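In what follows, a single structure is set out as structure tokens and then discussed.
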């Protein structure tokens, strides 16, 4: 990972009817978002599309042209509705063929079991693609161009991410600090927060209100790539809050990677 | 809700840096997907975009042109990063102005509390928009054209959905049945499943493998709008599985709306 200051971007493409029907609650997006954060890659957009060839091709082409990386999940199993490899090959206008390494893996793993056409489907990789290891067992994913194609089952997807990370040329890691305000609502916090946000256009300042039986308030999250600027912005924010009569702001102790901040 | 056989489609647009940074696990998409299913509306696509004006405008214009409905979540609070109303007004090329009904609600609710510019931000509705009730408390959402704009906080969003449902002209409700196969993997299930899927192009057949300490197998989900066709497809599937040596398939007892099927 290079510690540059450039912004490196990614998109996630989630492929699967089961997410859009509500049958399955997606958790892959959140896992990938956190993973990319630790590698200095900004997740800039995500899309969920159905198991429909043209939808996958169109979304993939739109996203891979626009962002540095695209990570897809889902649709690489053996059944007829697993059409991600076909769609990726079509998007890149390359043929799809059985990868000898995957066939060899399957033969070694499933000794004596017939390699049905369905099982062989999982060995298909677009020409020019490289394998993404599946440490959990079962066939690997693959990468072609700036696209990484992973399984949809969360434990398999997370395993595959481990073989994606080292291939990413990351930008500066985004750091995150939180200032917690209790007993005041966003209606009065908004103005001092906006004042600081305007002074720091390179940073992202967000407000996340909370309401609990014990009280209410907001977590004000400051994200940026420059630890010194974040520190300065925190001081300015506390001053601006105090000037607006909002006292008792609690600053979280030290800068950390955005991903670690799951408050 | 009309019981037609036409397909009625929707997209969800999730607006918020906190989802893309991994700070927050989205649950709104799943809740909306299930809700739309009960109203006979197919969720066809979803996108997650950052709190960036052009991103929201572009995504909204792409989605509202393509689908019957678009439901957005997030970005309607009082802080500077809450820019959804501005973006929706820009997408529709209409002015954004304070809605007198919301100002009146705020004055009634917050007696004696100053209506700061931040609070007044939440009263802004694009010209021609109608309010979407917020039964949980706080300012309402709104609807304009085929777009419904809702809060991002899940309990507020779910409350607002109740005032969205009656406005949807639904298609035929999608029914779902599940055939459970135990002790066989997708590698052998795929061919009989595909055979039935080919014979029923109007239906969607999906395979969802499971691996538990007690055993493995797959849930084969048949979705469609015609209960009779689903019933016929189930019989054909059981026959095709049996012919392939896959016995003991368990058919779930009766047709039900897809949303109820969360197995």
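Chains as they are written, first to last, in the numbering used here: chain A, 1318 to 1580; chain B, 1318 to 1580. Ideal Cβ positions, reconstructed from N, Cα and C, are used throughout, including at glycine. In this text the structure is predicted, and so the values were computed from the model without any measurement.
DSSP lists B/1460 as the bridge partner or partners of residue 1447 of chain B.
Listed along chain B, the residues sitting closer than 7 angstroms to residue 1347 of chain A by beta-carbon distance are 1339, 1342. Look at residue 1439 of chain A here: in three-state DSSP terms it is coil, with no helix or strand label. Within the DSSP secondary-structure output, residue 1494 of chain A pairs in a beta bridge with A/1539. Note on residue 1452 of chain A: under 16 other CB atoms within 10 angstroms of its CB, so exposed under the neighbour-count rule.
The residues 1440, 1456, in chain order, have a CB closer than 6 angstroms to that of residue 1419 of chain A in the same chain once the five nearest residues on each side in sequence are set aside. Listed along chain B, the residues sitting closer than 8 angstroms to residue 1508 of chain A by beta-carbon distance are 1433, 1434, 1435. Closer than 8 angstroms to the CB of residue 1354 of chain A there is at least one CB belonging to chain B.
Its chain contains 1532, 1534, 1565 as the residues whose beta carbon lies nearer than 7 angstroms to that of residue 1499 of chain A, once the 5 sequence neighbours on both sides are disregarded; these appear in chain order.
Of all residues in the segment 1526-1552 of chain A, only 1526, 1538, 1540 come within less than 8 angstroms of chain B when Cβ atoms are compared, listed by chain position. Under the three-state reduction of DSSP output, residue 1364 of chain B falls in the strand class. Counting along the chain, no beta strand (DSSP E) covers residue 1505 of chain A; the unbroken alpha helix (DSSP H) around it starts and ends at 1503-1516.
Residue 1338 of chain B is classed as buried because its beta carbon has at least 16 other beta carbons within 10 Å across all chains shown.
Ranked by Cα distance from residue 1401 of chain A, the first of A/1368, A/1386, A/1409, A/1381 is A/1368. Taking each of A/1552, A/1563, A/1477, A/1324 in turn and checking the Cα distance to residue 1569 of chain A, the smallest one comes out for A/1552.
The C-beta distance from residue 1513 of chain A to residue 1563 of chain A rounds to 13 angstroms, too long to meet the 8 angstroms contact threshold.
Scanning the segment 1357-1440 of chain A for uninterrupted alpha helix (DSSP H) segments of 4 residues or longer gives 1370-1383, 1401-1409, 1417-1426, 1434-1438, listed from N- to C-terminal end. Beyond the five residues adjoining it in sequence on each side, residue 1467 of chain B comes within less than 6 angstroms, by CB distance, of 1390, 1458, 1474, 1477 in the same chain, given in chain order.
An exposed status is given to residue 1567 of chain A, since fewer than 16 other beta-carbon atoms sit within 10 Å of its beta-carbon. With distances taken between CA atoms, residue 1360 of chain B lies nearest to A/1334 out of A/1344, A/1375, A/1334.
Annotation for residue 1331 of chain A: the continuous beta strand (DSSP E) segment containing it runs 1325-1332. For residue 1522 of chain B, the nearest CB of chain A lies under 8 angstroms from its own CB, placing it at the interface with that chain. Residue 1453 of chain A sits in coil when the DSSP states are folded into three classes, being neither helix nor strand. By the Cβ neighbour-count rule, residue 1429 of chain B is exposed, with fewer than 16 other Cβ atoms within 10 Å of its own.
By alpha-carbon distance to residue 1330 of chain A, the top candidate from A/1537, A/1387, A/1352, A/1340 is A/1387.
Nearest C-alpha to residue 1326 of chain A among A/1385, A/1365, A/1347: A/1385. Taking C-beta separations shorter than 6 angstroms and ignoring five residues to either side along the sequence, the partners of residue 1406 of chain A in its chain run 1413, 1443, following chain order. If you check the CB distance, residue 1471 of chain B and residue 1348 of chain B come in under 8 angstroms.
Counted as a single uninterrupted DSSP element, the beta strand (DSSP E) harbouring residue 1529 of chain B occupies residues 1521-1529. Using a CB distance cut-off of 8 angstroms, residue 1517 of chain B does not count as an interface residue toward chain A. Judged by DSSP secondary structure, residue 1485 of chain B falls outside any alpha helix (DSSP H); it is assigned neither H nor E. Ranking B/1357, B/1502, B/1417, B/1381 by CA distance to the CA of residue 1427 of chain A puts B/1502 first. Interface annotation, residue 1486 of chain B: not in contact with chain A, CB-CB separation never under 8 angstroms.
Among the residues of chain A, those whose CB is under 8 angstroms from the CB of residue 1503 of chain B are 1394, 1395, 1396, 1435, following chain order. For residue 1475 of chain B, the enclosing alpha helix (DSSP H) begins and ends at 1471-1478.
Between residue 1399 of chain B and residue 1438 of chain B, the C-beta gap is smaller than 8 angstroms, which places the two residues in contact.
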